[in-house]
Amino acid sequence: MAWYDEDSWATAAFAPKGSTIAITFLLAVLLPILLHQFIYRKATPTTLPSFLLIGPSGAGKTAFLTLTERKVVAQTHTSTAPLAVELLLPEGHTPQSSHYRSPGDPAYERSRQFQLNDTPGHGKLRHFATTQLANPTNVRGIIFVVDAAAVAEEAGLNETAEYLHDVLLALQKRYTGATSSKGPKEIPVLVAANKMDLFTALPPHLVAQQLEKAISEVRKSRAKGLKDSGPALGGEDDSLDEDREWLGEGGEGSFEFAQMEEVGTTVTVQGGNVIGGDGVDVKSWYEWIAAQL
Ligand SMILES: Nc1nc2c(ncn2[C@@H]2O[C@H](COP(=O)(O)OP(=O)(O)OP(=O)(O)O)[C@@H](O)[C@H]2O)c(=O)[nH]1
Ligand SMILES: [Mg+2]
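In this text, residue positions in the sequence shown follow the UniProt record's numbering: the first is 1, and each later residue adds one.
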């Protein structure tokens, strides 16, 4: 039977038959639906983009979280356990991905949702933060909260710098240790210089400067510690050099936050205060969060 015969499939496909009309109708209706589902299957995320709140004890992490959640300042206590809260970006800030969407759009509302993960800052409880850092699935950014008044003093500055050094080093290791050729997703860091309402607080640019200086010192002393422990460990110098973890660019120069860009981490320092007599100012932090969403 040739294709042009009267009872061939080609003739049937063009004939005014009931079955032909039914099949054509079904195709016309189902094809766009299936296509839509195929294209948009990934567009609705099942888990929210999250931000990690890290920083030394008493910096104001939990205060910032409660402020964002309840819109009012509340009394906080030293945290002993991590806390994850689903939040909505406050009015007046537009998520980066929704700049061309109108506010009524459901996709716009969805893009405003995010999750804040608070971690305890006490020295003995930092494993909560480190485990989250080691496996940062869905983490869009890290908010490192700093007490800008505490870093004006030597002890506070050193504690903060050591913690920040370890956080940045963890991010660097994750980047350099990645096996995929594309490299892992970039994780930006916001250094939130908190407590700007206090008279003794350093302004943001000084907080950045002091932290860079102190991190340089931490880096130097860590490298020295490794070298000193070399013979005791029985290792050879070469092997030691290889796994030496050096934050930022090699060499003995000073550390700058800009060096982190090479390993996929942009560090931004922004001032603010969660509590204060003259009102709360955390706008620049929300702006930063909006830019990552
Ligand atoms: N003056 C002033 N005090 C603040 C500010 N933010 C937080 N505080 C106070 O700082 C103290 C510590 O704040 P928390 O948010 O509990 O600190 P944390 O970072 O969660 O500390 P841990 O839970 O121990 O890691 C609280 O008494 C807050 O009231 C601020 O902007 N200005
Ligand atoms: Mg806390």
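For glycine and all other residues, C-beta sits at the position ideal for the given N, C-alpha and C. Computed from a prediction, not measured in an experiment: that's the story for all the values here.
Neighbour-count burial assignment, Trp288, 16 or more Cβ in a 10 Å radius: Taking the sequence shown and counting its residues from 1, the one referred to as residue 288 is at position 288. By the neighbour-count rule (16 or more Cβ atoms within 10 Å), Trp288 is buried.
Short Cβ contact (9 Å threshold) for residue 295 with Ala59: Coverage of the chain is limited to positions 1 through 293, which leaves residue 295 absent and any answer about it impossible.
Gly141, enclosing beta strand (DSSP E) - first and last residue: Indexing the sequence shown from 1 puts residue 141 at position 141. 139-147 is the extent of the beta strand (DSSP E) around Gly141.
Status (buried if at least 16 other CB within 10 Å, exposed otherwise) for Ala134: The residue you call residue 134 lines up with position 134 of the sequence shown. It is exposed - the Cβ of Ala134 has fewer than 16 other Cβ atoms within 10 Å.
Segment contact, 8 Å Cβ cut-off, at least three pairs: the segment 180-196 with the segment 49-68: yes
As assigned by DSSP and simplified to three states, the class of Asn117: The count along the sequence shown starts at 1 and reaches residue 117 at position 117. In this structure, Asn117 counts as strand in the three-state DSSP scheme.
Integer-rounded CB distance, given that Ala74 should sit under 8 Å from Thr66: Against the sequence shown, residue 66 aligns to sequence position 66. Against the sequence shown, residue 74 aligns to sequence position 74. The pair is a contact, with the Cβ atoms about 5 Å apart (cut-off 8 Å).
Ligand 2 heavy atom lying under 8 Å from the CB of Lys61: By one-based count along the sequence shown, residue 61 stands at place 61. Indeed, a heavy atom of ligand 2 lies less than 8 Å from the Cβ.
Through-space distance from Trp3 to Lys17, alpha-carbon basis: Translated into the one-based positions of the sequence shown, residue 17 becomes position 17. Translated into the one-based positions of the sequence shown, residue 3 becomes position 3. Between Lys17 and Trp3, the C-alpha separation is close to 17 Å.
Alpha helix (DSSP H) segment containing Asn194, residue limits: Translated into positions along the sequence shown, residue 194 becomes position 194. It is not in any alpha helix (DSSP H) - Asn194 instead sits in the beta strand (DSSP E) that spans 189-194.
Backbone CA spacing between Leu27 and Ile33 [nearest angstrom]: Residue mapping note: residue 27 aligns to position 27 of the sequence shown, counting from 1. Residue mapping note: residue 33 aligns to position 33 of the sequence shown, counting from 1. So the alpha carbons of these two residues sit roughly 10 Å apart.
First and last residue of the uninterrupted beta strand (DSSP E) at residue 335: No answer is possible for residue 335: the residues shown for the chain start at 1 and end at 293.
Beta carbon of Ile142 nearer than 9 Å to that of Leu171: Here residue 142 is taken as the residue at index 142 of the sequence shown, counted from 1. Here residue 171 is taken as the residue at index 171 of the sequence shown, counted from 1. Yes.
Thr119: CB within 8 Å of a non-hydrogen atom of ligand 1: Residue 119 sits at position 119 when you count from the first residue of the sequence shown. Yes; taking the cut-off as 8 Å, the Cβ of Thr119 has a heavy atom of ligand 1 nearer than that.
Where Asp197 falls: helix, strand or coil (DSSP): As a position in the sequence shown, residue 197 is number 197, starting the count at 1. Of the three classes helix, strand and coil, the one that applies to Asp197 here is coil, per DSSP.
Residues of its chain near Tyr108, where Cβ-Cβ distance is below 6 Å and the 5 sequence neighbours each way are ignored: Counting from one through the sequence shown, the residue named residue 108 turns up at place 108. If we look at Tyr108 and ignore the five residues flanking it on each side, its Cβ neighbours are Ser98, Arg101.
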